[in-house]
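Below is one structure, written out as structure tokens, with a few remarks after it.
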Amino acid sequence: MGYTRVSTEDQKNRPEDDRARVTAACVAYGYDLVEFIQDIDVSGKTALADREHGRRVSDLIDAKHNPWADIIIVTNLDRLTRESEDGMTLIRRMIPNGRRNPVRLLSLDDHIDLTTAMGRFFARLRVLLGEFERELIGERTGNTLKHKRRTGQVYAREPYGWDHDGDGHLVENDAEQRVLAQMRDWRAEGVNDNAIATRLNDQGTLGKRGGRWQANTVYRILKNADEIGAASG
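When we follow the working numbering, the leftmost residue of the sequence shown carries the number 102, and every step to the right adds one.
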């Protein structure tokens, strides 16, 4: 089985490229590619089991007897996870531990082999480094955005809850601000981001550009809204 994931912000990775690489690897190793699964516009922070198609991969990992595939092939470990806690759990689930037909992982860029102690160590290290890299980029991006908000600089793309005025600066969008308020209320009640996305989709609320809601979209929009409010307040 092959798997890939791309996020909304990911401009350089294309699912068709990953599919081509996975297919080539199957030919090289003599494997039969029984299925190729892809999640589009899904953040690596979303747990594998919470993704629309990734949950099928998660089910395969936990299959006790006669799984429909015996190898999961990805181009890079970050297609499966970019969160250290989720990554560590995923690695533990894929360690053979005496299972009769354990599902193996083949990560083309990382050359990870979970059947050896060194391979498991490297996999854990790769997960930690991936999260560190993502947090570092996020920190730098956040500092740049905060500076723009404080100085009133123009946004190339208006965030949810705001529109551009005639000069390109941000002004509140009343309808979207009401949706943001509802999302915050749900969060305060303990509703998780995945359930919030489901509620918004069920009630017919569209995203900024007409798309459907997903958990990572809810997380990002609320985070951006809080940062804008803090910078302007």
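For every residue, glycine included, the Cβ atom is placed at its ideal position computed from N, Cα and C.
These numbers come from a predicted model, not from an experiment.
{"Query": "Using the C-alpha atoms, what's the distance from residue 208 back to residue 132?", "Result": "14 Å"}
{"Query": "Do you know how far the Cα of residue 182 is from the Cα of residue 161?", "Result": "16 Å"}
{"Query": "For residue 219, count neighbouring C-beta atoms within 10 Å of its own C-beta (all shown protein chains included) and say buried if the count is 16 or more, exposed if not.", "Result": "exposed"}
{"Query": "Whether or not the segment 292-299 and the segment 311-323 are in contact is what I'm after, with contact meaning three or more pairs of Cβ atoms, one per stretch, closer than 8 Å; do they touch?", "Result": "yes"}
{"Query": "Please report how far the alpha carbon of residue 273 lies from the alpha carbon of residue 306, in whole angstroms.", "Result": "18 Å"}
{"Query": "Pull up the CB-CB distance for residue 171 and residue 204, whole angstroms please, since I reckon it's below 8 Å.", "Result": "6 Å"}
{"Query": "Give the straight-line distance between the Cα atoms of residue 270 and residue 328, rounded to the nearest whole angstrom.", "Result": "16 Å"}
{"Query": "Please check the pair residue 123 and residue 174, which I expect to be a contact at CB under 8 Å, by giving their CB distance rounded to whole angstroms.", "Result": "5 Å"}
{"Query": "Which same chain residues, not among the five before or five after residue 325, have their C-beta less than 6 Å away from its C-beta?", "Result": "260"}
{"Query": "Determine, using beta carbons only, whether residue 159 and residue 108 come nearer to each other than 9 Å.", "Result": "no"}
{"Query": "Taking only the alpha-carbon atoms, compute the straight-line gap between residue 303 and residue 153 and give it to the nearest angstrom.", "Result": "16 Å"}
{"Query": "Apply the 10 Å Cβ neighbour rule to residue 238 and answer buried if 16 or more other Cβ atoms are within range, or exposed otherwise.", "Result": "exposed"}
{"Query": "Is it the case that the Cβ atoms of residue 188 and residue 215 are separated by a distance below 9 Å?", "Result": "no"}
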